[in-house]
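See below for the structure under consideration.
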Amino acid sequence: MTRDELVLRLQREYADRREENLRLYDEKVAAVCEHCPGLKTLIDARHAALMGGLRNAMYPEKKDPQANVGLSATLVDFNEKIAHTLAKNGLAADALAPVYTCALCRDEGYVYDPSRHMCLCFETELNQRMLTELGLRQDQTFENFREDLFENDGSASQRSLMRRNYDICKRYADTYPDTDVPDLLFTGMSGLGKTFLLQAIAHRVTERGYGVQYISAYSLLDVMRKAYFENNSERLRPLMDAQLLLIDDLGTEPLMENITVTQLFNLLNERQNAQLHTIISTNLSIPELKTRYTERITSRLLDERRCKILKFIGKDIREKLGKTGGSDA
Ligand SMILES: [Zn+2]
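So for the sequence shown, the working numbering puts the first residue at 32; every next one is plus one.
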């Protein structure tokens, strides 16, 4: 599901939430009225006065500028009587307050100050769902980066290299979409932290409210294969359109020349033409990339004006993490 689709779904949920909270409010008012003799009459009378005032303002029977004079005093009077009745019956002043899950946006999901924008409650929920949707591990974030896992033996150590890679990735994620270059390419063996930094970027950019797609090369091939055999390029649309696309582990997927190479070229080409950002991680070396994906694709990846290459070298850290495999690092 794309970010826009998640927004629509969340808006529908907020509408349901408002309806449910209105129902709870009605229940609450009914219970309070049961407890306070005379209260319901006052509430109904206040409601009638308010509605009469609205009618006078919107559909005046005769043009009478004096029709609503005294209305606000009447409403204040009703409010005082209602407050007095509540107090007399030992109830708090806010016993009739509306029921909102978020009082800030009144469950609209949007606030106006002065222009319309997402309420924090909506944005937080959206980002959380986006992260779940992306299938990211919750702990793969910049905050959880552990440089002590990397060897520190001399000036050009694995640790200093990782620190540099970390800084570049963090800067990229924090400045996105105004990054130094739109694309990044991570090269290096498994277990050197490529996936970790890829996911950390995905986390940060998602939290900052941008649409991210994260996909392993293996799943990417699956999407491409279906698009190819069903002759349905729409399957690739979310990947073509994502503001930031992250492809993990390029080179581990089975190679199907017509499908992988052609469609990967189309994907990268279309994204570059649309000025969209792409990050790819691969276990392959640059010459291996050229052999596998042709010069045409590789030249796109290696264009210095567009892409920065981050090398990952040194010892596999998965053993230190107590793991035997997988792509967690
Ligand atoms: Zn809110």
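Note that CB positions come from ideal geometry on N, CA and C, so glycine has one too.
Option in the options with minimal Cα separation from residue i
| i | options | result |
| --- | --- | --- |
| cysteine 133 | Asn297, Arg266, Tyr45 | Tyr45 |
| leucine 295 | Ser264, Arg239, Met149, Val243 | Ser264 |
| serine 247 | Leu223, Ile310, His234 | Ile310 |
| isoleucine 113 | Tyr143, Pro91, Arg86, Thr72 | Thr72 |
| phenylalanine 173 | Ser188, Glu350, Asp198 | Asp198 |
| tyrosine 131 | Arg190, Glu51, Gly69 | Glu51 |
| threonine 155 | Asp170, His234, Arg177 | His234 |
| leucine 307 | Leu39, Pro269, Arg137 | Pro269 |
| arginine 190 | Thr291, Leu299, Gly345 | Gly345 |
| serine 316 | Arg202, Thr218, Leu275 | Thr218 |
| proline 208 | Leu81, Ile232, Leu298, Asp253 | Ile232 |
| leucine 53 | Ala76, Asn196, Arg77, Pro129 | Pro129 |
| arginine 49 | Glu139, Lys93, Leu281, Met287 | Glu139 |
| leucine 85 | Gly69, Arg327, Leu102, Val38 | Leu102 |
| glutamine 169 | Lys59, Asp211, Phe227, Ala258 | Phe227 |
| asparagine 363 | Ala124, Leu39, Ile290 | Because the chain is modelled from 32 through 360, residue 363 falls outside the range shown and cannot be assessed. |
| cysteine 343 | Cys200, Ser330, Arg147, Tyr141 | Checking the sequence, you will find phenylalanine at residue 343 rather than cysteine. Ranking Cys200, Ser330, Arg147, Tyr141 by Cα distance to phenylalanine 343 puts Cys200 first. |
| arginine 43 | Leu157, Ser330, Glu326, Ala79 | Leu157 |
| leucine 281 | His115, Lys257, Asn87, Glu319 | Glu319 |
Coarse secondary structure for residue i, derived from DSSP in three states
| i | result |
| --- | --- |
| isoleucine 290 | helix |
| aspartate 144 | coil |
| tyrosine 324 | helix |
| glutamine 244 | strand |
| leucine 216 | strand |
| phenylalanine 176 | coil |
| methionine 193 | helix |
| aspartate 205 | helix |
| leucine 281 | strand |
| isoleucine 348 | coil |
| leucine 85 | helix |
| lysine 112 | helix |
| threonine 237 | helix |
| serine 103 | helix |
| serine 444 | The displayed coordinates of the chain run from 32 to 360. Any statement about residue 444 would go beyond what the structure contains. |
| aspartate 35 | helix |
| phenylalanine 153 | helix |
| phenylalanine 227 | helix |
| phenylalanine 343 | strand |
| cysteine 338 | strand |
| leucine 295 | helix |
| glycine 356 | Bear in mind that the predicted position of glycine 356 carries a pLDDT of just 43, short of 50, making it too unreliable to give a figure here. |
| leucine 307 | coil |
| arginine 49 | helix |
| leucine 127 | coil |
| leucine 122 | coil |
| leucine 135 | coil |
| leucine 332 | helix |
| leucine 167 | coil |
Buried or exposed (CB count within 10 angstroms, at least 16 for buried), residue i
| i | result |
| --- | --- |
| tyrosine 249 | exposed |
| glycine 166 | exposed |
| alanine 118 | exposed |
| proline 213 | buried |
| arginine 302 | buried |
| methionine 89 | exposed |
| alanine 104 | exposed |
| threonine 163 | exposed |
| methionine 255 | buried |
| threonine 322 | exposed |
| methionine 161 | buried |
| glutamine 159 | exposed |
| threonine 206 | exposed |
| alanine 61 | exposed |
| isoleucine 340 | exposed |
| asparagine 110 | exposed |
| serine 312 | buried |
| glutamine 171 | buried |
| alanine 305 | exposed |
| glutamate 368 | Missing from the structure shown is residue 368; the chain here goes from 32 to 360 and no further. |
| alanine 126 | buried |
| asparagine 300 | exposed |
| aspartate 279 | buried |
Residue i Cβ short of 6 Å to ligand 2 heavy atom set
| i | result |
| --- | --- |
| threonine 105 | Ligand 2 is absent from the structure shown, which contains only ligand 1. |
Beta-carbon separation (whole angstroms), residue i vs residue j, contact threshold 8 Å
| i | j | result |
| --- | --- | --- |
| alanine 273 | valine 243 | 6 Å |
| arginine 349 | glycine 222 | 4 Å |
| cysteine 67 | asparagine 120 | 4 Å |
| leucine 215 | tyrosine 203 | 6 Å |
| arginine 77 | leucine 37 | Contact doesn't hold; Cβ gap of about 41 Å is too wide. |
C-beta neighbour in chain D for residue i, strict 7 Å
| i | result |
| --- | --- |
| alanine 233 | In the structure shown, chain D does not exist; there is a single protein chain. |
Q | Residues with C-beta closer than 5 Å to any heavy atom of ligand 1, in chain order | A | Cys133, Leu135, Cys136, Cys150, Cys152
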